[in-house]
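Engineer: Protein sequence lines, in the order shown, are assigned to chains A and B.
Following the UniProt record's numbering, the numbering of the first sequence begins with 1 at its first residue and continues without gaps.
Following the UniProt record's numbering, the numbering of the second sequence begins with 1 at its first residue and continues without gaps.
A virtual CB, placed ideally from N, CA and C, is assigned to each residue, including glycine.
There are 2 protein chains.
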Amino acid sequence: MGKRVVVVGGDAAGASAASQARKRQRDLDVVVFERGRATSYSACGIPYWISGAVESEAALVARTPEQHRAAGLDVRMRTEVVGIDLDRRVVHWRDLEDGGSGVEPFDELVYATGSVPMRPPVPGIDAAGVYGVQVLDDGVALRAELDAGHVRRVVVVGGGYIGLEIAEACRVRGLTVTVVDRSATPIGTFDPDIGEFVTEAVRREGIELVLSDPVAAIDVGADGRARAVVTASGRELPADLVVLGLGVRPAVRLAEEAGIPLGISGGVAVDARMRTHAEGVWAAGDCVESRHRLSGQRVVVALGTHANKQGRVAGINIGGGYATFPGVIGTAITKICDVEAARTGLSEAEAEAAGFSFVTAVVDSTTKAGYFPGAQPIRVKMIAERRNGRLLGAQIVGREASAKRIDALAICIWNEMGVDEILSLDLSYAPPFSPVWDPVLIAARKAFEAVEADVREL
Amino acid sequence: MGKRVVVVGGDAAGASAASQARKRQRDLDVVVFERGRATSYSACGIPYWISGAVESEAALVARTPEQHRAAGLDVRMRTEVVGIDLDRRVVHWRDLEDGGSGVEPFDELVYATGSVPMRPPVPGIDAAGVYGVQVLDDGVALRAELDAGHVRRVVVVGGGYIGLEIAEACRVRGLTVTVVDRSATPIGTFDPDIGEFVTEAVRREGIELVLSDPVAAIDVGADGRARAVVTASGRELPADLVVLGLGVRPAVRLAEEAGIPLGISGGVAVDARMRTHAEGVWAAGDCVESRHRLSGQRVVVALGTHANKQGRVAGINIGGGYATFPGVIGTAITKICDVEAARTGLSEAEAEAAGFSFVTAVVDSTTKAGYFPGAQPIRVKMIAERRNGRLLGAQIVGREASAKRIDALAICIWNEMGVDEILSLDLSYAPPFSPVWDPVLIAARKAFEAVEADVREL
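1. Does chain B have any CB closer than 7 Å to the CB of V91/A?
2. Residues of chain A with CB closer than 8 Å to the CB of D454/B, please, in chain order.
3. Using C-beta distances below 8 Å, list every residue in its chain close to D137/A, excluding the 5 sequence neighbours before and after it, in chain order.
4. Grab the span of the beta strand (DSSP E) containing D364/B for me, first residue to last.
5. Give the interface partners of L60/B over in chain A, defined as CB-CB distance under 8 Å, in chain order.
6. Could you check how far apart the C-beta atoms of D193/A and V328/B are, in whole angstroms? I think they sit under 8 Å.
7. Since G206/B and R171/B should fall inside the 8 Å C-beta cutoff, what is the C-beta to C-beta distance between them, to a whole number of angstroms?
8. If we define contact as Cβ-Cβ less than 7 Å, is I383/B a contact residue for chain A?
9. Counting contacts by CB-CB distance shorter than 7 Å, is Y429/A in contact with chain B?
10. Run through the DSSP bridge pairs and tell me what H292/A is partnered with.
11. Going by C-alpha distance, which of L441/A, S434/A, V252/A and K446/A is nearest G45/B?
12. Over what stretch of residues does the beta strand (DSSP E) that includes Y111/B continue unbroken?
13. Alpha carbon to alpha carbon, how far is A302/B from A394/B?
14. Determine the DSSP secondary structure at residue 459/A, reduced to helix, strand or coil.
15. Would you check if the distance between the CB atom of E208/B and the CB atom of T178/B is smaller than 7 Å?
16. Have a look at D85/B and R273/B and give me their C-alpha separation to the nearest angstrom.
17. Going along chain B in order, which residues have a C-beta closer than 7 Å to the C-beta of I50/A?
18. Is D138/A close to chain B, meaning its C-beta is less than 7 Å from at least one C-beta of that chain?
19. Spell out a yes or no on whether the segment 280-287 of chain A and the segment 297-311 of chain A are touching, meaning 3 or more CB-CB pairs, one atom from each, closer than 8 Å.
20. Bridge partners of Y131/A, per DSSP?
21. According to DSSP, what are the bridge partners of G102/A?
22. Do V248/B and S115/B have their C-beta atoms within less than 7 Å of each other?
23. Provide the residue(s) that pair with G83/A in DSSP beta bridges, ordered along the chain.
24. What do you get for V215/A, buried or exposed, if any count of 16 or more other CB atoms within 10 angstroms of its CB means buried?
25. Short of 6 Å in beta carbon distance, which residues of its chain neighbour Y41/B, apart from the five on each side in sequence? Order them along the chain.
26. Would you mind telling me which residues of chain A sit closer than 7 Å to G304/B, beta carbon to beta carbon, in chain order?
27. Buried or exposed: where does Y322/B fall if 16 or more other Cβ atoms within 10 Å of its Cβ makes it buried?
28. State the CB to CB distance for the pair I406/B and I396/B, rounded to an integer number of angstroms; the pair is presumed to be in contact (CB under 8 Å).
29. Quick one: what's got a C-beta closer than 6 Å to R312/B's C-beta in the same chain, skipping five residues either side?
30. Cβ of P121/B within 7 Å of Cβ of L244/B?
31. Suppose you measure from the CA of R445/B to the CA of D420/B; what does that come to, to the nearest Å?
32. Can you list, in chain order, the residues of its chain with a C-beta nearer than 6 Å to that of V91/B? Leave out the 5 residues immediately preceding and following it.
33. So what does E340/B bridge to, in DSSP terms?
34. Between the beta-carbon of P439/A and the beta-carbon of A369/A, is there less than 7 Å?
35. Could you please give the first and the last residue of the uninterrupted beta strand (DSSP E) stretch that includes W282/B?
36. Within this structure, are the beta carbons of D240/B and A228/B separated by less than 7 Å?
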């Protein structure tokens, strides 16, 4: 008889781990517990289903429970793991439909609980009509409210990726939308000179942006439902619906209770093979911390792409193979209204926090040859380490066909390239795709000049 | 008094060298000879001006002679350098307008003569109505013929980038277009499994493709004008106009006559700083050979992007600075009808010729998340070295938003990455930009599996 593997969480990380392990070792008994109604779905796709761009909820599901079962996994839906006993090697579970409960033994455990939306500690935050958008069931509930037709005014708290994507989705549906953010520019993981480009695009789309003004309270009506968001400066923003877009934190309560060690960042600590510090326990996805290859620090980055890779790595190792997850460099991309924005490496604030000294360069160019029909504006920012010119971070913002260029710079950072070498790279050129000096190369050239000028002054 | 620098050729390479040198060293006397009517123009943009997508010829000119003169360069237009005397340190020139001639002394010379279209040695190739499209003046002449209205049927000899781009431009103008190529698939610098994707797109656009059938002769009418293209198999393709799209070769006649050494590839040999083997003579652009970083061989790659970089490097060095050109890896991109195609590194044929043994992987995926509106097909091919899995080459073909992904893979090759590390890269992901596993990562995963399977069989 094969080993018994229990997987806690059946989305990207958990389901990938389970599938890979079972694929490699056919006699494994793999039980997957998922408290929601879906497995292996695209959480990142939720805003597009809410807006109607994606037609059905089912389209967001890459693999249904039935498909997983056909591949030999024992998938238990709507069943929540409520406790992990590392000594007795069992998990305690509860059936969310019928209230039943039980225990399930394991030889190896995969902890893939994902993340939970941040909730600011302000009055009214738990009122009805306040939604986090994290799991597919959240999206279902939110969309049901919007479909019911009583919502006219939406206030989104937090202008990060998810907050802005949801804001746009609501705007597409014809609603009046306000986004409140404590920072002076939205998507705070970008530097302000990039964020301001996004600010303009969002306002152009008719979304109200209230900046530099954190939320202070949710005003709750007599019916127990949120009716306005109140900011620190005292503004009262009427709302039929409030969406929290303040980011997420790793879902580690179960791990903490079980004694699975967390890292300094607050995520579950794992090694290169996705093993936790508890014997026979693996972890993957939004709940773990990763090594940032540039800063050397441990960070939690909740992204489906990491969850899939980490799940795959854990599964291969559980299945008797060998694979490692080599860390992250902070790459992210988003489309807000008609603007694309992407980043990789460290922002200015992150680079400072990590102890680096650096120069920066910002260039405005076009996505195609300037004379080519449909050429769109693109802004590229580079952050290069002083003296040696190593690329520490890059940000891109612009219209169509801008942001995916970030991948090239992510690979430069991955390989610790300096801006002097980057400007010589053999990148593709033809008029429908870039000016003869790609914007990325122009930025590298300018960054190199900044590095040299700085050296001269030393 | 400063040094005297003579530049032969005022397009991308020559003009860049001249500008950089003058910018760095204000007392340089810089004379630029250009036999054509334009400086610093985008040859790659010619097809789009012919089709009408680009409105004016002037839009293709990045910098006019007047602008160069304002920056302190002595630009002599329509003046051809007909001889270089390295002993006496002069060039002989001829004014193509008034027939006048003279000599110009130099301390340093920049050889930037570009390339000339390949002309197959077949009967009739020099007839009227047979056009190469290499310099802007060629484009002007070709467009004048098309504008005159007597051309209905165009035959393009050679289905490379330029050939197909011109074919598309003529098709856009409503002409009947046939492309003849000796290979079984067009754009012969790609492998056939990529080329077939292009074949379909070209035929869908109504362009006739005659493949595996080289041109044997141009049939010339009594008026001395080409009237048909005859292929090796005996097909006769009526033509009011014939365009040569067989690629180019470096324009080295002057260099050979002067005793400036050529390399084994047939281009002018240069070192890392773009110095030729003749004292005080520099070269840059389509006429030089470059080091291929992967094969180690010397190659001639005629591309505006290299010409600009090499010209900049030569100019910085002439101006007293220090810069090097680190070589090429064979990156190229094109848009044909609604298909984008790009390559980097070595094709299968090139890898074999360079002595490599390899495995390949081809994946079909989508440019956005599969469920996202507007997701387009994309095919990614990877060629990885046996045993160590180093990426040797990559090709991408697909619809909108496919091909620029090649830059990421170009940088992987530049850094000699293996496909196992590539599949772990932190690339950007959001549904409007890619599936959660970017097609590039899926291809790396599949290539890695192929490397492992191959190792097992060794």
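Structural biologist: Reading off the structure:
1. Your numbering for residue 91/A matches position 91 in the first sequence. Not one chain B Cβ lies under 7 Å of V91/A.
2. Translated into the one-based positions of the second sequence, residue 454/B becomes position 454. What D454/B touches in chain A, judged by beta-carbon distance under 8 Å, is nothing: the nearest beta carbon there is about 17 Å away.
3. Along the first sequence, one-based indexing puts residue 137/A at 137. For D137/A, where only same-chain residues beyond five positions count, the Cβ hits under 8 Å are G36, R37 and A38.
4. Counting from one through the second sequence, the residue named residue 364/B turns up at place 364. Per DSSP, D364/B belongs to the beta strand (DSSP E) from F358 to T366.
5. Taking the first residue of the second sequence as position 1, residue 60/B is located at position 60. By Cβ distance, chain A contributes Y371.
6. To locate residue 193/A, count along the first sequence from 1; it is residue 193. To locate residue 328/B, count along the second sequence from 1; it is residue 328. In this structure, D193/A and V328/B do not form a Cβ contact; the two beta carbons are roughly 33 Å apart against a cut-off of 8 Å.
7. Taking the first residue of the second sequence as 1, we reach residue 206/B at position 206. Taking the first residue of the second sequence as 1, we reach residue 171/B at position 171. Approximately 6 Å separates the beta-carbon atoms of G206/B and R171/B; this is inside 8 Å, confirming the contact.
8. Within the second sequence, residue 383/B is the residue found at index 383, counting from 1. Judged by the 7 Å Cβ criterion, I383/B is not in contact with chain A.
9. Here residue 429/A refers to the residue found at position 429 of the first sequence. Chain B contact via Cβ: present.
10. Mapped onto the first sequence, residue 292/A falls at position 292. Here H292/A is bridged, per DSSP, to V328/A.
11. Residue numbering aside, residue 45/B sits at position 45 when the second sequence is read from its first letter. Closest in C-alpha terms to G45/B, from the list L441/A, S434/A, V252/A and K446/A, comes S434/A.
12. Numbered from its first residue, the second sequence carries residue 111/B at position 111. According to the DSSP assignment, Y111/B belongs to the beta strand (DSSP E) that extends over E108 to Y111.
13. What you label residue 302/B is simply residue 302 of the second sequence in a count that begins at 1. What you label residue 394/B is simply residue 394 of the second sequence in a count that begins at 1. Cα-Cα distance, rounded: 20 Å.
14. Summary: the structure shown does not reach residue 459/A, with chain A confined to residues 1 through 458, and so no result is reported for it.
15. Taking the second sequence and counting its residues from 1, the one referred to as residue 208/B is at position 208. Taking the second sequence and counting its residues from 1, the one referred to as residue 178/B is at position 178. At a Cβ-Cβ threshold of 7 Å, E208/B and T178/B count as neighbours.
16. By 1-based counting over the second sequence, the position of residue 85/B is 85. By 1-based counting over the second sequence, the position of residue 273/B is 273. A straight line joining the alpha-carbon of D85/B with that of R273/B spans about 23 Å.
17. Along the first sequence, read from residue 1 onward, the residue named residue 50/A stands at position 50. Going along chain B, no residue has its Cβ under 7 Å from I50/A, so there is no contact; the nearest lies around 13 Å.
18. The count along the first sequence starts at 1 and reaches residue 138/A at position 138. For D138/A, the answer is no, since every Cβ of chain B falls outside 7 Å of its Cβ.
19. As far as the Cβ criterion goes, the segment 280-287 of chain A touches the segment 297-311 of chain A, which means the pair count is three or higher.
20. Position 131 of the first sequence, counted from the first residue, corresponds to residue 131/A. Beta-bridge pairing links Y131/A to V243/A.
21. Taking the first residue of the first sequence as 1, we reach residue 102/A at position 102. Paired residue(s): W93/A.
22. For the purposes of this step, residue 248/B is taken as the residue at position 248 of the second sequence. For the purposes of this step, residue 115/B is taken as the residue at position 115 of the second sequence. Going by C-beta atoms, V248/B is nearer than 7 Å to S115/B.
23. Start at 1 with the first residue of the first sequence, and residue 83/A comes out as number 83. Answer is H92/A, bridged to G83/A.
24. Translated into positions along the first sequence, residue 215/A becomes position 215. Under a 10 Å Cβ-count criterion, V215/A is classified as buried, with 16 or more other Cβ atoms of the shown protein chains found around its own Cβ.
25. In the second sequence, residue 41/B corresponds to position 41, counting from 1. Within the same chain, and ignoring the five residues on either side of Y41/B in sequence, the residues whose Cβ sits closer than 6 Å to its Cβ are L60, V61 and L136.
26. Indexing the second sequence from 1 puts residue 304/B at position 304. Counting only Cβ-Cβ distances below 7 Å, G304/B has contacts in chain A at Y429 and V436, in chain order.
27. As a first step, residue 322/B is located in the second sequence; it is residue number 322 there, counting from the start. A residue is called buried when at least 16 other Cβ atoms come within 10 angstroms of its Cβ; Y322/B does not meet this threshold and is exposed.
28. Looking up residue 406/B in the second sequence gives position 406. Looking up residue 396/B in the second sequence gives position 396. Right, the Cβ-Cβ distance comes to about 5 Å (below 8 Å), so this counts as a contact.
29. Numbered from its first residue, the second sequence carries residue 312/B at position 312. Its chain contains S16 and Q20 as the residues whose beta carbon lies nearer than 6 Å to that of R312/B, once the 5 sequence neighbours on both sides are disregarded; these appear in chain order.
30. Along the second sequence, read from residue 1 onward, the residue named residue 121/B stands at position 121. Along the second sequence, read from residue 1 onward, the residue named residue 244/B stands at position 244. The answer is no: Cβ separation not under 7 Å.
31. On the second sequence, position 445 is the one that residue 445/B refers to. On the second sequence, position 420 is the one that residue 420/B refers to. Straight-line Cα distance between these residues: approximately 7 Å.
32. Position 91 of the second sequence, counted from the start, is the residue given in the question as residue 91/B. V6, V81, I84 and E104.
33. Working through the second sequence from its first residue, we reach residue 340/B at position 340. Looking at the DSSP assignment, E340/B forms a beta bridge with K335/B and G398/B.
34. Within the first sequence, residue 439/A is the residue found at index 439, counting from 1. Within the first sequence, residue 369/A is the residue found at index 369, counting from 1. The Cβ atoms of P439/A and A369/A lie no closer than 7 Å to each other.
35. Translated into the one-based positions of the second sequence, residue 282/B becomes position 282. Counting along the chain, the beta strand (DSSP E) containing W282/B begins and ends at V281 to A283.
36. Start at 1 with the first residue of the second sequence, and residue 240/B comes out as number 240. Start at 1 with the first residue of the second sequence, and residue 228/B comes out as number 228. The answer is no: Cβ separation not under 7 Å.
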